[in-house]
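Residue numbers (the UniProt record's numbering), protein chains in the order written: chain B, 1 to 492; chain C, 1 to 212.
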């Protein structure tokens, strides 16, 4: 069909994504290119063999340990009665453990006395004991307290959990995918057993599963989070670098419907960023998921305040991408991988947490693939921004500070003001100089004009020609005047 | 929305309604979110839900049985198309939504179908084609016949709706719910053909049971 070719244009790497076995499903790099089904099949046999070997190793080690104890006992010679009793109990515990290991796999439900279980909890086996820290201690205590409310089922669960942890201890050399498989199988088996044998109602199974996950993952975290055997760390650094290179991306480019000028909204954005960063500090996959969910809720609120209507997925995903770009959460890929590998799988495929986690995966995938087109930029602009030659900040007054904190924003504003001031001052100086020049010119001009006038009309001060008495001396009209009156003498 | 956290995985439990994941697919602004919002809250932008409308759960009663629909909204913009296959994992059903006033959105829905089929086993996921915005029929670009013919050729369910006028909205989801339950009950049979049969029965009759 014509659509086919169109589609191909979008998914160039489609064939690379498919399962290596060619079953038609998508593969996953975390499963070495297989799809989940093929991966399971592929590793089922290998795992069975490994498990068999593990138990053999475990039994051998325990035998050796017992022998060591026995020899130390004999070398001590006269031991106190209590110590030998302790030893006896310890050996008993060990042998019982071995039997329960087998029972775990033969799926029988042996129930020990509750008291013994709790005691066992207080004296965990040395292999687990080595990795205890304050937090793991606290979590174990909580776990035991929690299980106490379930009586027999609780004891059974505790036993299975402990056996699983012991088993995992010997599997540390296995690849992380195999360890993940073990954990997933464990979740599955425990949940199924609780339902079919323990007749535990589903909502309680959920609760118990959460506690089990918390307990085992707190203990395993150190060994299975970002393990050296994988390239998780490399991927972490790659995405971190990528996000840093994309620091110039503005909300406008991503069409993020969030207006950070509204104080409430920027507050939500900050909270969302805090949450997504906090994810790294959690040990339990479910706690990490909770951080993502919290972050998402803040994003929804931010959008709701800005748009004044509830956010849809069309709004949410871009905003989440923006938050991830802004926050650059530490060890992002490791966290995603860890959650994928060790979270109860039902949490990831369904449920609200699963939805937000899927969105985060989408956001990361988008950031990895992001190109000029997805930001509505020309390729030249995109390349220039990526190389750091220019930044798109000049276009808009507010657009240059998307990734800055409040202080830096203020600084930018102040710098801007200063440069404006500078400009104005220069203008004033220029004007002043011009004015000065004008003034000088004007004075000069006036002086010149005056000079001109002075030259043109030189001032001649003539001395007075005649004295005042002679004022009429030259009067021509004198002639026309009647002769002056002559005095007449009257003789009379 | 609070109970969304506790979605039980086991499908075997009889006391708990079974959970089905339904993915909403379609181009941007064809009304995916509005459809879901209308259905879940029975509301069209009058009362705002507490959080965003991208993830919903709703318990649906179909006769004596009930099931829980988990509705996943997806970002429809073209640029997110290539990453959206991540949403498909574990999906039981998909609504392919298009806007009857936009031909391109109809073509896009066909593309989504291809993506779905590449990611999931044929028959693994129940698909319904939904033409939205019948309230704007004077601007219609995709005729009912066109939609119906395509749906028939691909053995999809088909309906036209208006999220704005609340026309046929709950019918869409209830038909899906009913079909999902039926499929689930006779697992192992070829569910594809049956989906097409259900189409002919007409969905309107099944809608009454859980309009509220």
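For every residue, glycine included, the Cβ atom is placed at its ideal position computed from N, Cα and C.
**Request:** Verify the CB distance criterion: does residue 371 of chain B have a CB-CB separation below 7 Å to chain C?
**Result:** Here the question's residue 371 of chain B lines up with position 371 in the first chain. For residue 371 of chain B, the answer is no, since every Cβ of chain C falls outside 7 Å of its Cβ.
**Message:** Give me the residue from C/161, C/146, C/160 with the minimum Cα distance to residue 213 of chain C.
**Reply:** Here chain C covers residues 1 to 212 and nothing more, so residue 213 of chain C does not appear.
**Request:** Express the C-alpha separation of residue 175 of chain C and residue 152 of chain B in angstroms, rounding to a whole number.
**Result:** Taking the first residue of the first chain as position 1, residue 152 of chain B is located at position 152. Taking the first residue of the second chain as position 1, residue 175 of chain C is located at position 175. Rounded to whole angstroms, residue 152 of chain B to residue 175 of chain C spans 44 Å at the Cα level.
**Item:** Burial state of residue 484 of chain B, where buried means 16 or more other Cβ atoms lie within 10 Å
**Value:** As a position in the first chain, residue 484 of chain B is number 484, starting the count at 1. With fewer than 16 other Cβ atoms within 10 Å, it is exposed.
**Message:** So with CB distances below 7 Å, who are the chain C contacts of residue 340 of chain B?
**Reply:** Locating residue 340 of chain B in the first chain gives position 340, counting from the first residue. Result: empty, since nearest Cβ-Cβ is about 11 Å, beyond 7 Å.
**Asked** From residue 24 of chain C to residue 52 of chain B, what does the alpha carbon distance come to, in whole angstroms?
**Response** Here residue 24 of chain C refers to the residue found at position 24 when the second chain is read from its first residue. Here residue 52 of chain B refers to the residue found at position 52 when the first chain is read from its first residue. About 46 Å.
**Item:** Near the ligand MN: residue 326 of chain B beta-carbon under 6 Å from a heavy atom
**Value:** You won't find the ligand MN in this model; it holds no ligand whatsoever.
**Item:** Proximity test, Cβ basis, 7 Å: residue 71 of chain C and chain B
**Value:** By 1-based counting over the second chain, the position of residue 71 of chain C is 71. Judged by the 7 Å Cβ criterion, residue 71 of chain C is not in contact with chain B.
**Request:** Over the uninterrupted beta strand (DSSP E) stretch that includes residue 98 of chain C, give me the two end residues.
**Result:** In the second chain, counting from the first residue as 1, residue 98 of chain C sits at position 98. Membership of residue 98 of chain C in the beta strand (DSSP E) is indicated by the continuous run 93 to 99.
**Beta-carbon proximity list for residue 268 of chain B, same chain, < 6 Å, skipping 5 on both sides** = The residue given as residue 268 of chain B occupies position 268 in the first chain. In the same chain as residue 268 of chain B, and ignoring 5 residues on each side of it, the C-beta atoms closer than 6 Å to its own belong to 298, 301, 302, in chain order.
**Message:** Less than 7 Å between CB atoms is the rule here; does residue 352 of chain B satisfy it with respect to chain C?
**Reply:** Within the first chain, residue 352 of chain B is the residue found at index 352, counting from 1. Yes, residue 352 of chain B counts as interfacial toward chain C.
**Request:** Pick out the complete alpha helix (DSSP H) segments inside the UniProt domain "VPS9" (233 to 376) of chain B, 4 residues or longer, and give them in chain order.
**Result:** With a minimum length of 4 residues, the continuous alpha helix (DSSP H) runs that stay inside the UniProt domain "VPS9" (233 to 376) of chain B are 251 to 254, 263 to 278, 285 to 307, 313 to 327, 332 to 342, 345 to 349, 351 to 369.
**Message:** In whole angstroms, give me the CA-to-CA distance for residue 27 of chain C and residue 353 of chain B.
**Reply:** Start at 1 with the first residue of the second chain, and residue 27 of chain C comes out as number 27. Start at 1 with the first residue of the first chain, and residue 353 of chain B comes out as number 353. The straight-line gap from Cα to Cα measures roughly 24 Å.
**Message:** Starting from residue 65 of chain C, trace the beta strand (DSSP E) in both directions and tell me its first and last residue.
**Reply:** One-based indexing of the second chain puts residue 65 of chain C at position 65. That run of the beta strand (DSSP E) goes 65 to 73.
**Message:** Mapping the DSSP letters down to three states, classify residue 139 of chain B as helix, strand or coil.
**Reply:** As a working note, residue 139 of chain B is residue 139 in the first chain. In this structure, residue 139 of chain B counts as helix in the three-state DSSP scheme.
**Item:** DSSP three-state assignment for residue 172 of chain B, whether helix, strand or coil
**Value:** Stepping through the first chain from its first residue, residue 172 of chain B is reached at position 172. Correct three-state label for residue 172 of chain B: coil.
**Request:** Kindly indicate which three-state DSSP category residue 56 of chain C falls into: helix, strand or coil?
**Result:** Counted from its first residue, the second chain places residue 56 of chain C at position 56. Three-state result, residue 56 of chain C: strand.
**Prompt:** Residues of chain B with CB under 9 Å from residue 119 of chain C, in chain order?
**Reply:** Start at 1 with the first residue of the second chain, and residue 119 of chain C comes out as number 119. Below the 9 Å Cβ cutoff, chain B contributes 25, 26 as neighbours of residue 119 of chain C, in chain order.
**Prompt:** For a contact meaning CB atoms closer than 7 Å, what does residue 282 of chain C contact in chain B?
**Reply:** Residue 282 of chain C lies beyond the stretch modelled for chain C, which goes from 1 to 212, so this question has no answer here.
**Asked** What residue does the alpha helix (DSSP H) around residue 414 of chain B start on, and which one ends it?
**Response** Here the question's residue 414 of chain B lines up with position 414 in the first chain. 406 to 456 is the extent of the alpha helix (DSSP H) around residue 414 of chain B.
**Prompt:** When the Cα atoms are used, what is the spatial distance from residue 17 of chain C to residue 253 of chain B?
**Reply:** Numbered from 1 along the second chain, position 17 holds the residue referred to as residue 17 of chain C. Numbered from 1 along the first chain, position 253 holds the residue referred to as residue 253 of chain B. As the crow flies, the alpha-carbon of residue 17 of chain C is around 43 Å from that of residue 253 of chain B.
**Request:** Assign residue 162 of chain C to one of three DSSP states: helix, strand, or coil.
**Result:** Numbered from its first residue, the second chain carries residue 162 of chain C at position 162. Residue state, collapsed to three classes: strand.
**Request:** Below 6 Å CB to CB, which residues in the same chain sit around residue 487 of chain B once its five sequence neighbours on both sides are set aside?
**Result:** Position 487 of the first chain, counted from the first residue, corresponds to residue 487 of chain B. Around residue 487 of chain B: no qualifying Cβ.
**Message:** Between the segment 156 to 174 of chain B and the segment 182 to 190 of chain B, can you find at least three pairs of beta-carbon atoms closer than 8 Å?
**Reply:** Short answer: they touch.
**Message:** Give me, in chain order, the residues of the same chain whose beta-carbon lies closer than 6 Å to that of residue 375 of chain B; leave out the 5 immediate sequence neighbours on both sides.
**Reply:** In the first chain, residue 375 of chain B corresponds to position 375, counting from 1. Answer for residue 375 of chain B: 253, listed in chain order.
**Item:** Expected contact under 8 Å - CB spacing of residue 135 of chain C and residue 165 of chain C to nearest Å
**Value:** Taking the first residue of the second chain as 1, we reach residue 135 of chain C at position 135. Taking the first residue of the second chain as 1, we reach residue 165 of chain C at position 165. Contact between residue 135 of chain C and residue 165 of chain C is confirmed by a C-beta separation of about 5 Å, below the 8 Å threshold.
**9 Å Cβ cut-off: residues of chain C touching residue 238 of chain B** = Along the first chain, read from residue 1 onward, the residue named residue 238 of chain B stands at position 238. None at all; the shortest Cβ gap to chain C is about 17 Å.
**Request:** With DSSP as the reference, label residue 18 of chain C as helix, strand or coil.
**Result:** Locating residue 18 of chain C in the second chain gives position 18, counting from the first residue. Strand at residue 18 of chain C.
**Message:** Suppose the cutoff is 8 Å on Cβ atoms and the five residues either side in sequence are ignored; what does the same chain contact list for residue 480 of chain B look like?
**Reply:** As a first step, residue 480 of chain B must be located in the first chain, where it is residue number 480. Excluding residues within five positions, none has a Cβ falling inside 8 Å.
**For residue 388 of chain B, the first and last residue of its enclosing beta strand (DSSP E)** = For the purposes of this step, residue 388 of chain B is taken as residue 388 along the first chain, with counting starting at 1. Run containing residue 388 of chain B: none; DSSP gives neither H nor E here.
**Message:** Give me the chain C residues within the contact set of residue 349 of chain B, using Cβ-Cβ distance strictly less than 9 Å, ordered along the chain.
**Reply:** Here residue 349 of chain B is taken as the residue at index 349 of the first chain, counted from 1. Result: 9, 21, 89, 90, 91.
**Contacting positions in the segment 316 to 328 of chain B - beta carbon closer than 8 Å to chain C** = Against chain C - using a Cβ distance shorter than 8 Å - the residues of the segment 316 to 328 of chain B are 316, 317, 318.
**Message:** If we define contact as Cβ-Cβ less than 7 Å, is residue 116 of chain C a contact residue for chain B?
**Reply:** On the second chain, residue 116 of chain C is found 116 positions in, with the first residue counted as 1. In terms of beta-carbon proximity, residue 116 of chain C stays away from the interface with chain B, with every pair separated by 7 Å or more.
**Message:** For the alpha helix (DSSP H) containing residue 172 of chain C, name the first residue and the last one.
**Reply:** Counted from its first residue, the second chain places residue 172 of chain C at position 172. Run containing residue 172 of chain C: 169 to 185, per the alpha helix (DSSP H) assignment.
**Prompt:** Is DSSP giving residue 205 of chain B helix, strand or coil here?
**Reply:** Against the first chain, residue 205 of chain B aligns to sequence position 205. Reduced to three states, the DSSP call for residue 205 of chain B is helix.
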